[in-house]
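First residue of the sequence shown? That's 4 in the working numbering, and the numbers climb one at a time after it.
Glycine included, every Cβ here is placed at the ideal spot set by N, Cα and C.
To start, the structure itself, in structure tokens.
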Amino acid sequence: MNIQSLRGMPDFFPNDLQKWHLLESVLSQVFHAYSTEEIRTPLLESTELFSRSVGNSSDIVNKELYSFLDKNKKSISLRPEGSASVIRAIIQKKQEHEKHKLWYQGPMFRYERPQKGRFRQFHQVGVEYLGFEEGLSEYELISMVIKINEQLGISKYTLKINHLGDAEAKENFCTALKSYLEPHAPLLHEKDIARLKSNPLRVLDSKEDATQLLLKNAPKFEDFISEQSKIFLQDLVKYYSDQCDVCVDSKLVRGLDYYTGLVFEVISEELGAQDAFLGGGRYDHLSSELGGKSMPAIGFAVGLERIIELMTAENLDVKTKVALIIVGEQDNQKTYKIAHELREANLDITLDAFLSNSSLKSQLRRANKSHCNFAIIIGSDERSSGQFTWKNLSEHGDQKLLSFEELLEAYKNL
Ligand code: HAM
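Okay, here's the thing in structure tokens:
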């Protein structure tokens with residue numbers, strides 16, 4: 004039997020990756036404009052890192068972690084997200100007292116049920132601002148999110164925001180919600196009973212009708228967060244409402260345990276059921292919970308498989324491509340020197356040396372198929388005369404014979 008890839012872990016072929024490269028270059032351009040620098044952390048971490056950060060009660064750690072015992076019988080896991088590793092790295096370097104504006108990218112792993120827009124290996128680009136208290140950094144990050152969407156040509160989206168208060172407000176609300184819901188336990192789905200025990204906030208985004216009905220009269224989170232937090236939230240809505248569709252969603256709690264303060268998600272109806280293509284929030288206690296010094300933090304991550312669906316094709320910046328067609332007997336070293344000098348003359352152009360023995364006709368067909376704009380033809384005649392055929396491959400393109408110097412000049416000026 005043929006070996007197949009694992010479920011939910013797709014391959015990416017050159018055609019798919021053109022768009023990915025464009026996405027990655029737009030994102031790094033935005034990060035550069037915001038003076039945000041790249042950090043790279045390993046794909047494997049100790050399992051404890053995620054149970055103590057993302058949280059034992061979260062689905063991500065509870066059900067979706069790829070965990071293994073290594074040869075030393077230590078439990079290690081493939082990272083399901085990037086924030087915990089970034090904080091771990093900063094604590095390990097003893098840099099919690101400094102300010103950091105960081106971004107990262109790479110594959111993340113969650114053992115979820117694969118479906119459209121949901122994979123077991125997926126890719127995130129994330130941003131973490133460390134050492135910044137609530138205030139300007141929220142504005143800076145939301146502006147960055149809007150800029151990313153704008154640069155990618157994404158205009159139809161909703162930014163949902165909510166405020167989870169400080170740790171005390173979160174705890175008081177959870178206690179009140181528990182006391183309200185526990186007497187109604189027989190009406191709750193077992194999943195919600197489990198959530199009520201491990202992380203009552205997660206009950207708020209339950210998909211069960213019976214739970215949602217009960218929640219109508221339950222204590223409201225808004226009543227537990229401070230006036231100051233409410234004003235902060237309203238100010239954000241006011242400020243951004245003429246730049247994008249922004250709304251407060253009091254049910255937005257996010258699936259990771261570490262959040263306090265502002266949380267946000269960006270959704271698009273065009274994506275179907277898995278509609279969130281970006282999520283983030285403030286998590287001021289993670290550093291101390293992981294054994295580091297106290298360090299305020301806020302960040303977000305973009306789901307690349309999802310955001311790429313929304314990018315418009317016109318964004319594709321197609322580079323000039325030239326086919327190097329070699330036919331007939333050749334002196335390999337001399338011919339290859341020509342290719343080398345062309346590339347030296349202009350590295351921005353893609354020179355596709357066909358390395359083929361087939362006929363001129365079939366190589367020209369291949370050049371058209373692979374969207375080459377020009378062809379340089381080196382046949383036996385060209386080789387002996389020192390002249391090269393320069394062919395414009397557009398519909399009514401011309402063709403001329405050029406000396407090597409003229410060819411280099413034409414190539415340089417493309
Ligand atoms: P998250 O909401 O779990 O947040 O993931 C961020 C984004 O990753 C989601 O909005 C979604 O687009 C994408 N994503 C998540 N799971 C999958 C999947 N199975 N398949 C495809 N895409 C997926 C975090 O990971 C936080 N670390 C974000 C953050 C950074 N918060 C603060 N800093």
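Distance between beta carbons of residue j and residue i, contact taken as under 8 Å
{"i": "Leu354", "j": "Ala342", "result": "6 Å"}
{"i": "Phe34", "j": "Trp23", "result": "The Cβ separation is near 16 Å, so there is no contact."}
{"i": "Ala356", "j": "Lys415", "result": "Actually they are not in contact, since the Cβ atoms of Ala356 and Lys415 sit about 18 Å apart, beyond 8 Å."}
{"i": "Phe122", "j": "Pro17", "result": "Not really, about 20 Å apart at Cβ, beyond 8 Å."}
{"i": "Gly58", "j": "Tyr286", "result": "That belief does not hold up - the Cβ atoms of Gly58 and Tyr286 are roughly 11 Å apart, past 8 Å."}
{"i": "Glu211", "j": "His192", "result": "5 Å"}
{"i": "Ser271", "j": "Lys150", "result": "Incorrect: roughly 17 Å between the Cβ atoms, too far for contact."}
With 16 other Cβ atoms within 10 Å as the buried cut-off, status of residue i
{"i": "Ile234", "result": "exposed"}
{"i": "Asp351", "result": "exposed"}
{"i": "Met111", "result": "buried"}
{"i": "Val240", "result": "exposed"}
{"i": "Thr50", "result": "buried"}
{"i": "His166", "result": "buried"}
{"i": "Cys250", "result": "exposed"}
{"i": "Lys394", "result": "buried"}
{"i": "Gly162", "result": "Position check: residue 162 holds Leu in this sequence, whereas Gly was assumed. By the 10 Å Cβ count, Leu162 comes out buried."}
{"i": "Gly168", "result": "buried"}
{"i": "Asp73", "result": "exposed"}
{"i": "Ala213", "result": "exposed"}
{"i": "Tyr242", "result": "exposed"}
{"i": "Phe71", "result": "exposed"}
{"i": "Pro45", "result": "exposed"}
{"i": "Ile228", "result": "buried"}
{"i": "Gly264", "result": "buried"}
{"i": "Ile6", "result": "exposed"}
{"i": "Ser232", "result": "buried"}
{"i": "Leu54", "result": "One detail in the question is off: residue 54 reads as Ser in this sequence, not Leu. Burial call: buried."}
{"i": "Ser68", "result": "The sequence shown places Leu at residue 68, not Ser. Answer is buried; the Cβ neighbour count reaches 16."}
{"i": "Gly306", "result": "buried"}
{"i": "Arg257", "result": "buried"}
Reduced DSSP secondary structure (H/G/I, E/B, other) of residue i
{"i": "Gly275", "result": "coil"}
{"i": "Val240", "result": "helix"}
{"i": "Tyr183", "result": "helix"}
{"i": "Leu30", "result": "helix"}
{"i": "Cys177", "result": "helix"}
{"i": "Gln108", "result": "strand"}
{"i": "Phe125", "result": "strand"}
{"i": "Ala188", "result": "helix"}
{"i": "Arg309", "result": "helix"}
{"i": "Arg285", "result": "strand"}
{"i": "His166", "result": "strand"}
{"i": "Ala300", "result": "strand"}
{"i": "Val148", "result": "helix"}
{"i": "Leu139", "result": "helix"}
{"i": "Asp355", "result": "strand"}
{"i": "Glu171", "result": "helix"}
{"i": "His35", "result": "helix"}
{"i": "Ala378", "result": "strand"}
{"i": "Thr263", "result": "coil"}
{"i": "Ser49", "result": "strand"}
{"i": "Ser60", "result": "coil"}
{"i": "Asn202", "result": "coil"}
{"i": "Leu133", "result": "strand"}
{"i": "Asn395", "result": "strand"}
{"i": "Thr161", "result": "strand"}
{"i": "Lys403", "result": "strand"}
{"i": "Ile42", "result": "coil"}
Check whether residue i and residue j have beta carbons under 9 Å apart
{"i": "Gly120", "j": "Glu308", "result": "yes"}
{"i": "Leu217", "j": "Leu255", "result": "no"}
{"i": "Leu144", "j": "Ile310", "result": "no"}
{"i": "Ala304", "j": "Gly283", "result": "yes"}
{"i": "Asn202", "j": "Ser60", "result": "yes"}
{"i": "Ile90", "j": "Glu131", "result": "yes"}
{"i": "Ser80", "j": "Leu47", "result": "yes"}
{"i": "Leu199", "j": "Lys173", "result": "no"}
{"i": "Gly382", "j": "Leu363", "result": "yes"}
{"i": "Asp252", "j": "Ile196", "result": "no"}
{"i": "Leu259", "j": "Glu268", "result": "no"}
{"i": "Phe176", "j": "Pro222", "result": "yes"}
{"i": "Ser406", "j": "Gly389", "result": "yes"}
{"i": "Arg368", "j": "Asp334", "result": "no"}
{"i": "Val29", "j": "Leu155", "result": "yes"}
{"i": "Pro299", "j": "Leu411", "result": "no"}
Exercise for the section: Check whether the region 134-141 touches the region 52-69, taking contact to mean three or more Cβ pairs, one atom from each stretch, closer than 8 Å. Expected result: no
Problem - the region 292-312 touching the region 175-184, judged by at least three CB pairs closer than 8 Å - result: no
Exercise for the section: Would you be able to state if there are at least three C-beta pairs under 8 Å between the region 39-59 and the region 97-111? Expected result: yes
Problem - Given 8 Å, three or more beta-carbon pairs between the region 67-87 and the region 123-134 - result: yes
Practice task
Give a yes or no on contact between the region 321-328 and the region 375-382, applying the rule of three or more CB pairs nearer than 8 Å.
Solution key: yes
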